[in-house]
Every structure is written in structure tokens, then in C-alpha cells.
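Per numbering that gives the first Met the number 0, residue 0 is the first one in the sequence shown, and the count goes up by one each step.
Glycine included, C-beta positions come from ideal geometry on N, C-alpha and C.
Just so it is clear, the structure is predicted and the values come from calculations on it, not from any experiment.
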Amino acid sequence: MRAPAIILAAQLFALQPAAADQVDVVIQAGHQGRPQSCAPLHVNACNLGTGLGAQLERNWTPIVADAAAATLRADGLNVKRRPADYAGRDRARAAVFLHFDGSAPACRSGASVGFPGPADAGFAQRWEERYRASFPFRFAGENITRNEARYYGFRKVDAPGRTLLIEFGELTCPAQERWMAPRLRELGAQVAHFISAELQP
Ligand SMILES: [Zn+2]
């Protein structure tokens with residue numbers, strides 16, 4: 000009487016590889032989990048992110064990412080929350096990588112976006128348009144650094160046309176820091192509303 004159970008198990012196993020990593024949205028909190036995650040995952044360029052005094056980018060991004068994930072899940076979407084370093088790749092309808100910028104000298108930067116290719120430009124520009132309406136500082140541009148244009152996270156996801164790195168502003172600029180610090184959950188909700196609207200059929 001064991002044969003049917005074995006057959007069922009084999010069928011489930013065969014189905015799993017295709018379905019396991021298919022999600023609606025991947026949300027990565029930039030630098031989250033570093034530096035501890037770098038050695039076990041063989042990350043040589045262990046970029047810890049920027050900061051201003053006690054305010055660290057790698058502590059801010061998880062707050063934004065968790066708020067975005069909660070709002071998207073409340074909208075009924077399937078979300079995979081990722082830290083900076085992880086094994087494996089994802090397949091999703093949309094993927095966002097969340098960061099805050101740093102600049103020396105301070106206040107030379109602002110908000111910006113990064114995206115892997117022309118297919119993602121429309122998605123990035125629609126976010127930019129939406130965010131400009133609320134962000135009262137400079138928008139520094141698109142793919143302004145190599146880290147943005149060739150972000151390692153882009154290679155870890157397959158989300159054609161909707162892959163985006165967001166820099167919400169310059170954390171090293173005190174005026175921007177003061178505006179962003181009390182708004183981290185709100186920024187996450189804003190990302191979630193944007194993605195939900197983009198994924199509407
Ligand atoms: Zn960063």
C-alpha cells in the first residue's frame with residue numbers, strides 16, 4: 000500500500016522547481032544583514048552602506064522594506080523579502096532594491112534610480128515622477144553610479160520590465176536626513192502603492 004504515496008511524493012517533487020520561486024514582488028533591503036552575511040556568502044565587496052552619525056542606511060532599509068511588504072501583502076500580493084546577501088535567484092513580476100545615498104562632500108546628491116536596461120526605464124520613470132511630487136529635495140538622476148546601473152541584485156532576479164533600484168535621498172545630507180527619518184514607513188507604503196498600481200491587470 001506504499002506505492003501510491005511514493006508516486007504522489009514524486010509528482011509533488013516534479014512540480015516544485017517551477018513553482019517554488021515564482022512571486023509577485025521581490026523587495027530587497029539594501030545592505031541588510033551585513034557585514035555578517037558577506038563571508039558565508041562569499042561576498043568580496045561587502046559594502047556596508049552609508050550613514051549619518053547613529054543613523055545607518057542598513058538599519059533604515061529594512062524598516063522601509065518591511066512596510067512595503069506589509070502593504071503589498073495586505074493588497075493580496077505574494078512578496079519575497081530579501082536582505083543584502085542570499086543564495087539563489089528569484090522570479091517575480093516586479094523587483095525593487097531599496098537604498099539611501101551617501102555623498103562626500105555632503106548634500107551633493109539626492110534621490111535617484113537605477114535600472115538594468117531600457118526595458119525597465121518606463122517603470123523607473125513612473126516611480127521617479129511619483130516620488131518627485133513628495134520629495135522636496137534634488138532628484139540626482141538615473142543610473143548615476145556604476146553601483147546603480149550595474150547593481151549586483153539585478154542579476155539575482157528575473158523581473159522583466161519592472162526591476163528597479165531606489166535611492167530615496169541622501170542620508171549624509173542633514174536636511175534630507177531630517178526629512179526622511181520620520182517617514183521611513185511612509186516611504187515603504189509609497190513604494191507598495193506604486194507597485195500595486197503597476198501590477199494591476
Ligand atoms: Zn546603499
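Burial state of residue i, where buried means 16 or more other Cβ atoms lie within 10 Å
i: ALA98; result: Note that residue 98 corresponds to His in the displayed sequence, not to Ala. Looking at its Cβ environment, which holds 16 or more other Cβ atoms inside 10 Å, HIS98 is buried.
i: PRO173; result: exposed
i: GLN124; result: exposed
i: GLY52; result: exposed
i: GLY168; result: buried
i: GLN31; result: buried
i: ALA196; result: exposed
i: GLN27; result: buried
i: GLY29; result: buried
i: ALA191; result: buried
i: GLN175; result: buried
i: PRO82; result: buried
i: ALA68; result: buried
i: GLU147; result: buried
i: GLU56; result: buried
When the options are compared against residue i, the one with the closest alpha-carbon
i: LEU186; options: ASP23, ALA110 and GLY87; result: ALA110
i: ARG145; options: VAL156, GLU169 and PRO115; result: PRO115
i: ALA38; options: MET179, GLN27 and TYR85; result: TYR85
i: ALA65; options: ILE194, ALA188 and ALA103; result: It is Asp, not Ala, that sits at residue 65 in the sequence shown. When each option's Cα is compared against that of ASP65, the closest is ALA188.
i: GLY48; options: ASP100, ALA69, GLY75 and ASN77; result: ASP100
i: ILE62; options: ARG88, ALA180 and GLU128; result: ALA180
i: GLN199; options: ARG92, CYS45 and PRO34; result: ARG92
i: PHE122; options: VAL190, LEU163 and ARG90; result: LEU163
i: SER204; options: TYR151, ARG182, ALA94 and GLY160; result: The chain is shown only over 0 to 200; residue 204 falls outside these bounds and no answer can be derived.
i: PRO159; options: VAL190, GLN175 and ALA120; result: ALA120
i: VAL112; options: PRO82, GLY50, VAL22 and TYR150; result: TYR150
i: ALA139; options: ARG161, GLY152, SER102 and ARG33; result: SER102
i: CYS106; options: PHE136, GLU127 and TYR130; result: PHE136
i: LEU40; options: ARG57, ALA69, GLY87 and ALA68; result: GLY87
i: TRP59; options: PHE96, PHE153, SER108 and TRP126; result: PHE96
heavy atom of ligand 2 below 8 Å from residue i C-beta
i: HIS98; result: Looking for ligand 2 in the displayed structure turns up nothing; the ligands present are ligand 1.
Span of the alpha helix (DSSP H), counted from its first residue to its last, around residue i
i: ILE143; result: Note, ILE143: premise wrong, no alpha helix (DSSP H); not H, not E.
i: SER102; result: It is not in any alpha helix (DSSP H) - SER102 carries neither H nor E in the DSSP assignment.
i: ALA191; result: 183-197
i: TYR130; result: 120-131
Endpoints, the beta strand (DSSP E) within which residue i is located
i: LEU170; result: Here LEU170 belongs to no beta strand (DSSP E), and DSSP marks it neither H nor E.
i: GLY113; result: 110-113
i: GLN21; result: 21-28
Inter-residue CB distance, residue i and residue j (contact presumed, cutoff 8 Å)
i: ILE165; j: LEU71; result: Actually they do not touch by this definition, with Cβ atoms about 15 Å apart.
i: ALA89; j: VAL25; result: Note that residue 89 is Asp in the sequence shown here, rather than Ala. Sure, about 5 Å apart at Cβ, within 8 Å.
i: PRO156; j: ALA94; result: Strictly speaking, residue 156 in this sequence is Val, with Pro absent from that position. Confirmed, Cβ separation roughly 4 Å.
Would you mind listing the alpha helix (DSSP H) stretches within the region 31-91 that are 4+ residues and don't spill past its ends, in chain order? 56-73
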